[in-house]
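The listed protein sequences correspond, in order, to chains A and B. Position 133, counted from 1, in the first sequence is what my numbering calls 140; the numbers after and before it change by one each time, with no gaps. Position 176, counted from 1, in the second sequence is what my numbering calls 163; the numbers after and before it change by one each time, with no gaps. Don't be surprised by glycine CBs; every beta carbon is placed ideally from N, CA and C. Since the structure comes first, as structure tokens, the remarks are kept for the end.
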Amino acid sequence: MTHADIAEANAERPTSGTDQILADEARALAQKRTDPGSPYSSGSGPRRADRRRFVLGSMAAFGVGSALTRHASAAAPLGATEHDVPADASKVQGYPLADESYGTRSQFETEVRTRFKTSTPQSSWTFTPLEKSCGIVTPSGLHFERSHGGTAVIDPATHSLYVHGMVRQPKKFSMKDLRRFPSTSRIMFLECSGNGLTEWSKPTLRTVQGTHGLTSTSEWTGVSLATILNEAGVRSGTKWLLAEGGDAAAMTRSIPLAKALQDCFLAYGQNGEAIRPEQGYPLRLMVPGYEGNMNIKWLRRLELSDAPFMTREETSKYTDLLPDGKAVQFSYEMEAKPVITAPSGEMMLDGPGFHEITGIAWSGRGTIRRVDVSTDGGKTWRQAALQGPVLPICHTRFRLPWKWDGQEAILQSRCVDETGYVQPTLGQLVAVRGLNGPLGSIYHLNAIQSWHVATDGKVSNVHQY
Amino acid sequence: MSINIRRVLGVALTVAASAAFAAGAQKATFGFGATPPETELVRFFSPLPDGRGLPKGSGSVAQGKTVYEAQCVACHGENLQGGIGDRLIGGRGSLVNTDPKKAPVKTVESYWPYATTLFDYIKRSMPFTAPDSLTSDQVYAVTAYILAQAKIVPDDAVLGADNLAKVRMPNRDGVVPDRRPERFPAPANTPHQSLATAPAAK
């Protein structure tokens, strides 16, 4: 990016990021509604011809190889490769197994991350599509992103982690060094504390991707931070440590030493392979249950200290401004929160009858103990089944069978975690935090989400409390 | 370096199992990694609010104006009013607000509690097009310029490692600690009513 680019971007500066993502959301929905297989479709539109190209049997039999590779083209959704679709896949050979491959998803799957239109694409965030999610793990390529200086490109062969400050012996670790230590692994969620920031004062974004898409779950593998700190030797009087990223933002957050020693770890693995670039390749600090921003990506340095560093992110950004003008600082835990992923905003129910209500619940304080679902806007509740595995600080899938009578309904889910914390309604949360402006206190919105079901089956985002 | 495997395994288990790992009591180490030469550590900086850790250097408001006009104005505007980048000044008195339609104006002047944070942030990540390219003197200077425009320091101020931490920011007392978890009553006649009283929140 040059100064000329900045001037140009300034000139073209749009109304607001929210307005833009609303427009993007509308465009994406219009596209999805043309596919009868989409939950957003009422089931009557034509299929996308470009992905559903039928191949005459004789033609396929005539030249299998060429016919099947010819269309590896831009028509395929992101992450997929386009293949011709035979009338009957059992009558022709499928495409060959490559000698070497990485793998793609089906050409019929279209879910993508969508970016909130911040003023630069480097300091920005993207939402995980949750609407068709199943189970608890987020595909690595759909894990939400939040970066402040773009995605850093770092060669692991030259990357080092420095540990210094209040230590007996400053240390420098290569990635090879770090992989020699005993490893640890856990399946856990990360959530940006800004998840839902548009939803404080009025229902704004329309889909569950927009309202809740800044949470994702992966298996993260690495080395315990306590092990690494022990190598350097923590000097007495140490209470905090600074974690610093090696990206353009040189992102920094202060981590309480007690938390660092309790369960933090340094991840080099994600879902069985090396951590993705946008998640901090080659090394990320994992701070289980705490707001996403503290999980410093592209980690290059830890400095131990007797006091917090009061970095920009922990003073002027990730603080929660209340109506009395005071800002809550060091609000670390991501509190218990569920969301119904289906049926969810903008979906179309295919008529009355059986529909499974499903969603995810999570808590930064531990394990989800219970999820209840209401179909009448919170008047009555039924306990949902939790689908295993049920893990601490992890997305937990819940399910409830529902027979829709075709009348208006308001779907809500509410959870309780192992500490006994009962999730608030939006009214209860706003009563405590207030609304300092349209975005309220911005961060840590964990209120009950409401989805309205109209008599025609259309689902929409509403506030009901 | 030789490693006693039994001892190492014992340490790994102890460290993993013990949340009460005491700072100051170093256990046996694996010995992986190296001692970094001081020449590699000097590039790093991370000042504390009391001024410890501030790099050597200083700069005046006048020098800062020059830096600002060359490096910052494209994103933050001629009058520090913001653009692609954040608005930097103004907004005092806007933080107390119960109007859900009117946004508070959070700027360096109105919201940032510590002057050391401003130096730190500019030095590590600004200008956006070339982060970490300004000298410490330039960063002190532009810090002084922004604080002068915000009427926090006088127009003839010279700020540096020895006096930046003494600058008192208007919102210095504006932060409060986290008071969560809040307790929310479960609505009547729901399965949550009994759950709310079951286990005590931590």
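Opposing strand residues paired with residue i [DSSP bridges]
i               : result
K178 of chain A : A:V170
T121 of chain A : A:F134
G453 of chain A : In the sequence under discussion, the amino acid at residue 453 of chain A is Asn, which differs from the Gly named in the question. According to DSSP, which records beta bridges pairwise, N453 of chain A is partnered with nothing at all.
T422 of chain A : Note on residue identity: the sequence assigns Cys, not Thr, to residue 422 of chain A. Note: C422 of chain A sits in a beta bridge opposite A:V378.
P157 of chain B : Beta-bridge pairing links P157 of chain B to no other residue.
H93 of chain B  : Looking at the sequence provided, one finds Lys at residue 93 of chain B rather than His. Beta-bridge pairing links K93 of chain B to no other residue.
L309 of chain A : A:V170 and A:A250
L273 of chain A : A:V230 and A:L292
A21 of chain B  : A:K179
V144 of chain A : According to DSSP, V144 of chain A bridges with nothing at all.
V126 of chain B : Its beta-bridge partners do not exist; DSSP assigns none.
D331 of chain A : B:V83
Straight-line Cα distance separating residue j from residue i
i               : j               : result
G40 of chain B  : T104 of chain B : 12 Å
G38 of chain B  : R308 of chain A : 20 Å
D106 of chain A : V144 of chain A : 29 Å
V397 of chain A : A255 of chain A : 37 Å
E415 of chain A : R40 of chain A  : 22 Å
Q68 of chain B  : E353 of chain A : 38 Å
F196 of chain A : I139 of chain B : 42 Å
T165 of chain A : P289 of chain A : 10 Å
L436 of chain A : T88 of chain A  : 45 Å
S192 of chain A : F31 of chain B  : 30 Å
A96 of chain A  : G110 of chain A : 20 Å
N468 of chain A : Q125 of chain B : 49 Å
L306 of chain A : A250 of chain A : 7 Å
S33 of chain B  : I364 of chain A : 49 Å
T214 of chain A : L433 of chain A : 18 Å
R155 of chain B : A102 of chain B : 7 Å
H362 of chain A : D463 of chain A : 15 Å
G413 of chain A : D383 of chain A : 13 Å
G244 of chain A : W99 of chain B  : 27 Å
F272 of chain A : A233 of chain A : 8 Å
G51 of chain B  : P141 of chain B : 13 Å
P128 of chain A : I282 of chain A : 21 Å
Residue burial classification, residue i (beta-carbon count within 10 angstroms, cutoff 16)
i               : result
D42 of chain A  : buried
K410 of chain A : exposed
V48 of chain B  : buried
N473 of chain A : Outside the modelled stretch of chain A, which goes from 8 to 472, sits residue 473 of chain A, for which no answer is possible.
F188 of chain A : buried
A33 of chain A  : exposed
L221 of chain A : buried
S381 of chain A : buried
P94 of chain B  : Pro is not the amino acid found at residue 94 of chain B; the sequence shown has Thr there. T94 of chain B should be labelled buried.
V466 of chain A : buried
R111 of chain B : buried
V29 of chain B  : exposed
Q38 of chain A  : exposed
P114 of chain B : buried
V241 of chain A : buried
S225 of chain A : buried
N66 of chain B  : exposed
D107 of chain B : buried
S338 of chain A : buried
E310 of chain A : buried
Any non-hydrogen atom of the ligand NAD closer than 7 Å to residue i Cβ
i              : result
Y98 of chain B : With respect to the ligand NAD, the structure offers nothing, as it holds no ligand at all.
- Query: Is the segment 165 to 174 of chain B touching the segment 418 to 433 of chain A in the sense that three or more CB pairs, one from each, lie closer than 8 Å?
  - Reply: Between the segment 418 to 433 of chain A and the segment 165 to 174 of chain B there are three or more inter-stretch CB-CB distances shorter than 8 Å, so the stretches are counted as touching.
- Item | Three-pair Cβ contact test at 8 Å for the segment 117 to 135 of chain B versus the segment 53 to 66 of chain B | With a cut-off of 8 Å on Cβ pairs, the segment 117 to 135 of chain B is in contact with the segment 53 to 66 of chain B, counting three or more such pairs.
- Using a Cβ cut-off of 7 Å, which residues of the segment 341 to 359 of chain A contact any Cβ in chain B, in chain order? Residues of the segment 341 to 359 of chain A with a C-beta less than 7 Å from any C-beta of chain B: E342, listed in chain order.
- the segment 161 to 187 of chain A: positions lying closer than 7 Å to chain B by Cβ: Within the segment 161 to 187 of chain A, those residues whose Cβ lies closer than 7 Å to any Cβ of chain B are, in chain order, Y169, H171, R175, Q176, P177, K178, K179, F180, D184 and R187.
- Item | the segment 23 to 33 of chain B / the segment 164 to 181 of chain A touching (three or more Cβ pairs under 8 Å) | These segments touch.
- Message: Would the segment 200 to 218 of chain A count as touching the segment 261 to 278 of chain A if we require 3 or more Cβ pairs under 8 Å?
- Response: The count of Cβ pairs closer than 8 Å, one atom from the segment 200 to 218 of chain A and one from the segment 261 to 278 of chain A, stays below three, leaving the stretches out of contact.
- Item | Where the segment 286 to 320 of chain A meets chain B: residues whose CB sits under 7 Å from a CB there | Only R308, E310, S312, A314, F316, M317, T318 and R319 from the segment 286 to 320 of chain A bring a Cβ to less than 7 Å from some Cβ of chain B.
- Query: Counting pairs of Cβ atoms below 8 Å between the segment 147 to 165 of chain A and the segment 114 to 127 of chain A, do you hit three or more?
  - Reply: Contact holds: three or more Cβ-Cβ distances are below 8 Å.
- Pull out every residue of the segment 214 to 246 of chain A whose Cβ sits closer than 9 Å to any Cβ of chain B, in chain order. Taking 9 Å as the Cβ-Cβ cut-off against chain B, the residues of the segment 214 to 246 of chain A that qualify are S231, A233, T234, I235, L236, N237, E238, A239, G240, V241, R242, S243, G244, T245 and K246.
- Could you run through the segment 142 to 161 of chain A and flag, in chain order, every residue whose CB is less than 8 Å away from some CB of chain B? When C-beta distances to chain B are compared with 8 Å, the residues of the segment 142 to 161 of chain A below that value are H155 and G156, in chain order.
- Using Cβ-Cβ distances below 8 Å, what residues of the segment 435 to 448 of chain A are close to chain B? Taking 8 Å as the Cβ-Cβ cut-off against chain B, the residues of the segment 435 to 448 of chain A that qualify are Q435, L436, V439, G441, L442, N443, G444, P445, L446 and G447.
- Message: Within 8 Å, do at least three Cβ pairs link the segment 174 to 192 of chain A to the segment 277 to 287 of chain A?
- Response: Cβ pair count under 8 Å is below three, so no.
- Task: Could you tell me whether the segment 80 to 94 of chain B touches the segment 300 to 318 of chain A, where touching means 3 or more Cβ pairs closer than 8 Å?
- Result: No: the two stretches stay apart, fewer than three of their Cβ pairs being nearer than 8 Å.
- Message: Please identify, using Cβ separations under 8 Å, the residues of the segment 90 to 103 of chain A that lie next to chain B, in order along the chain.
- Response: Going along the segment 90 to 103 of chain A in chain order, one finds no residue with a Cβ nearer than 8 Å to chain B.
- Task: Please confirm if the segment 362 to 374 of chain A is in contact with the segment 320 to 337 of chain A, defined as three or more CB-CB distances below 8 Å between the two stretches.
- Result: Counting C-beta pairs with one atom in each stretch, the segment 362 to 374 of chain A and the segment 320 to 337 of chain A have fewer than three that are closer than 8 Å, which means they do not touch.
- Would you call the segment 340 to 351 of chain A and the segment 438 to 458 of chain A in contact, with 3 or more CB pairs under 8 Å? For the pair of segments examined, the segment 340 to 351 of chain A was found to touch the segment 438 to 458 of chain A: the number of CB pairs separated by less than 8 Å reaches three.
- With 7 Å as the limit, tell me which residues of the segment 65 to 85 of chain B have their beta carbon closer than that to any beta carbon of chain A; keep them in chain order. Only G70, I71, L82, V83, N84 and T85 from the segment 65 to 85 of chain B bring a Cβ to less than 7 Å from some Cβ of chain A.
- Using a beta-carbon distance cut-off of less than 8 Å, what residues from the segment 23 to 37 of chain B approach chain A? With the criterion set as a beta carbon lying under 8 Å from some beta carbon of chain A, the members of the segment 23 to 37 of chain B are P23, E27, L28, F31, S33, P34, L35, P36 and D37, in sequence order.
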